[in-house]
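Quick note, the sequence shown lines up with residues 60 to 568 if you use this note's numbering. Quick reminder that beta carbons are idealized off the backbone N, C-alpha and C, glycines included. Written below as structure tokens is the structure these notes are about.
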Amino acid sequence: MLRPTLVGTQTLIFFLLNLVLPIGILPVLSYPTTVKPIPQDWSASELVEQGREFYTKGQFNQAATTWKQAAQAYESQGDILHQAMALSYLSLAYQKLQQWFDAEDAIAFSLNLLETGSDLRDTPDYQQIHAQALNTLGSLELALGQPDTALEAWQLATEIYQQLKDDIGITGTLINQAQAMEALGLYRRTCKTLLQALKLDNNCDLSNQERFEKVLQTFQQTPDPQIKILGLRSLGNSLRLLGDLKHSQQVLKASLKVAQPPLEKRETLLSLGDTERSWYNHYKQLYTRNNLIKQQEKVQKKVNDQFDYAINYYQESLQESSKLSASTSLDIEPKLQQLSLLIDFHNWLESLTAQDKDQDKDQNKATRLQELKSQINDQVKELLNSEITKLPASRTAIYAQINFVESLITYDLKSNKHQDNLQRSSFILQPYEIAHTLVKALQEAQVLDDKRAESYALGTLGKLYEETQQWYQAQEFTEKALTLAQGIQGDDIAYQWQWQLGRIYQALG
60 MLRPTLVGTQ TLIFFLLNLV LPIGILPVLS YPTTVKPIPQ DWSASELVEQ
110 GREFYTKGQF NQAATTWKQA AQAYESQGDI LHQAMALSYL SLAYQKLQQW
160 FDAEDAIAFS LNLLETGSDL RDTPDYQQIH AQALNTLGSL ELALGQPDTA
210 LEAWQLATEI YQQLKDDIGI TGTLINQAQA MEALGLYRRT CKTLLQALKL
260 DNNCDLSNQE RFEKVLQTFQ QTPDPQIKIL GLRSLGNSLR LLGDLKHSQQ
310 VLKASLKVAQ PPLEKRETLL SLGDTERSWY NHYKQLYTRN NLIKQQEKVQ
360 KKVNDQFDYA INYYQESLQE SSKLSASTSL DIEPKLQQLS LLIDFHNWLE
410 SLTAQDKDQD KDQNKATRLQ ELKSQINDQV KELLNSEITK LPASRTAIYA
460 QINFVESLIT YDLKSNKHQD NLQRSSFILQ PYEIAHTLVK ALQEAQVLDD
510 KRAESYALGT LGKLYEETQQ WYQAQEFTEK ALTLAQGIQG DDIAYQWQWQ
560 LGRIYQALG
């Protein structure tokens, strides 16, 4: 299941707000749904601070309104520098609301103002605000499927913080760089950059327990809570992608122990769910390789347990999403993760039932299968009601659409090959509807010039045609997906299309 960096992995933006405004991190308290009206006589700096408070509580509409007022107040004072700062913050709020055009306008205006105020270029205030604007730009570029451009923006921000000898800024922007590297599929480089951020030896082999504990302790002792939370989560994700599931699990659980607002806790729980799911896949593979019945029973229990752990973490992530004002769009990701896991477990259990000759066990599995089918249907209905295909164009929206239809391909088509796939009336979505959704995702990826997402959309179209046995179309789309993946050195996705092409060529003879 694809899970890109956007809402799924938060960049280190909020802690940088504190570098410009010399006040401490706001404590994690309650998250009210009602907001007190803002006094009209508040100063611009008070408005900025209030916007920060709204932002940390997930009240992004209120944050946007307040920061817009702050930008207008600074403009009326002729304070170009701090107007640029407020506009940079405003772009962040718009990003969380997925109002991409407004987010682009706000950060473009901010950077233009900074260019206008270039006579202040050598002052520390200018450099701090410029670095913050670059951080915001990087966040937006990553959201819109341009991780290479995001990486460039964050590298420039790092250089500014190095000139200022600002250790917190350097650490934060290096962690942001790691998010872009992860999105580019550069997993080992991601890990090395995270270790570099904490001034550690960048050897990512943490098999030595003593070395692992030293790395973990260094992250845990980081004084800034935002760096601690996001650094630990990023390291946990990186270790999972490198196959170190044991340490990924330990790091993410350590991150969860740090007090954090719902938006951050949601992400940590989602990452933990992904790691537990990787364990689930590990034990499934182990089951296939083990021929001893007693050993298989033990491994099957492990598969069941890991399924439950992952589902529960995704559910907890969903509960945290519900505490945020932008919960509708944030709900989709954990629901998609749950859906794909439910379908995978359903199909795996179904294959075991077909092999099992023990009638009692067979009956238990049949009951569980019915429960899973009911859960899957409920989840699909919820996602369809959330209008998943009508999300504003972004990297997250593209992957959400691809993941959703990929789950439906697996559930509706792959598990029902014995029926007429093109005419079966009980499909949740008909194959032509799935194709339409994938074409829409493909077009959005092309507009955003996101080659990885474009490759995924093409490859999934190839998978759809493979499952409906339209072999020449399957070959055409899969070959295009592979060419794109190889063009961006996306080895982590190219291998999927190579395997898919192998199956298609075999079918074509």
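- For the set Gln118, Tyr114 and Ala103, the Cα lying nearest the Cα of Gln136 is the one of Ala103.
- For Pro321, the enclosing alpha helix (DSSP H) stretches over residues Pro321 to Arg348.
- Within its own chain, the residues whose Cβ lies closer than 6 angstroms to the Cβ of Glu503, once the five positions on either side in sequence are excluded, are Ala452 and Ile457, listed in chain order.
- Spatial neighbours of Ala369 in its own chain (CB-CB distance under 7 angstroms, excluding positions within 5 residues in sequence) are listed in chain order as Gly332, Glu335, Arg336, Tyr339 and Leu400.
- Annotation: the stretch 361-392 contains no complete segment of the beta strand (DSSP E) (minimum length 3 residues).
- Taking the Cβ atoms as the reference, Gln236 lies roughly 6 angstroms from Leu210, within the contact range of under 8 angstroms.
- A straight line joining the alpha-carbon of Thr182 with that of Pro320 spans about 34 angstroms.
- A Cβ-Cβ distance of about 5 angstroms is found for the pair Trp530 and Ala566, placing them in contact under the 8 angstroms criterion.
- Around the CB of Gln268, fewer than 16 other CB atoms lie within 10 Å, so the residue is classed as exposed.
- By the criterion of at least three beta-carbon pairs nearer than 8 angstroms, the stretch 259-276 is not in contact with the stretch 211-219.
- In this structure, Leu140 keeps its C-beta atom at 8 angstroms or more from the C-beta atom of Trp126.
- For Arg111, the enclosing alpha helix (DSSP H) has its first and last residue at Ala103 to Thr115.
- Non-local beta-carbon contacts of Gln545 in its own chain, meaning distances under 6 angstroms to residues more than five positions away in sequence, involve Ala553 in chain order.
- Under the criterion of beta carbons closer than 8 angstroms, Leu203 and Ala242 do not qualify as touching, at roughly 11 angstroms.
- If you draw a straight line from the Cα of Gly295 to the Cα of Glu105, it is about 37 angstroms long.
- In the three-state reduction of the DSSP assignment, Ser266 falls in the coil class.
- Distance from the CA atom of Lys360 to the CA atom of Gln555, rounded to whole angstroms, is 29 angstroms.
- If you draw a 10 Å sphere on the C-beta of Asn462, you find 16 or more other C-beta atoms in it, and that means buried.
- Asn261 carries a coil assignment under DSSP once its states are collapsed to helix, strand and coil.
- The C-beta separation of Leu543 from Leu517 comes to about 7 angstroms, placing the pair in contact by the 8 angstroms criterion.
- Under the criterion of beta carbons closer than 8 angstroms, Leu289 and Gln255 do not qualify as touching, at roughly 15 angstroms.
- Secondary structure of Ser150 (DSSP, three-state): helix.
- Assignment of Ser433 by DSSP, reduced to helix, strand and coil, places it in the helix class.
- In this structure, Ser410 sits away from Pro393, with a CB-CB distance that is not shorter than 8 angstroms.
- For Lys449, there is no enclosing alpha helix (DSSP H), since its DSSP letter is neither H nor E.
- Assignment of Asp551 by DSSP, reduced to helix, strand and coil, places it in the helix class.
- Nearest to Lys155 by alpha-carbon distance, out of Ala130, Phe119 and Asp164, is Phe119.
- Straight across, the Cα-Cα distance linking Asp178 with Asp161 is about 28 angstroms.
- Sequence-distant Cβ neighbours of Asn261 in its own chain, meaning closer than 7 angstroms and more than five residues away, are Lys251, Leu254 and Gln255.
- Asn406 has its alpha-carbon roughly 30 angstroms from the corresponding atom of Lys312.
- Boundaries for Thr281: no alpha helix (DSSP H) harbours it, and the DSSP string shows neither H nor E there.
- In this structure Leu199 touches Glu163 by the C-beta definition: roughly 7 angstroms separates them, less than 8 angstroms.
- In the structure shown, Lys224 falls within a coil segment according to DSSP collapsed to helix, strand and coil.
- A residue is called buried when at least 16 other Cβ atoms come within 10 angstroms of its Cβ; Leu541 meets this threshold and is buried.
- Within a 10 Å sphere around the beta-carbon of Gln505 sit fewer than 16 other beta-carbons, which makes this residue exposed.
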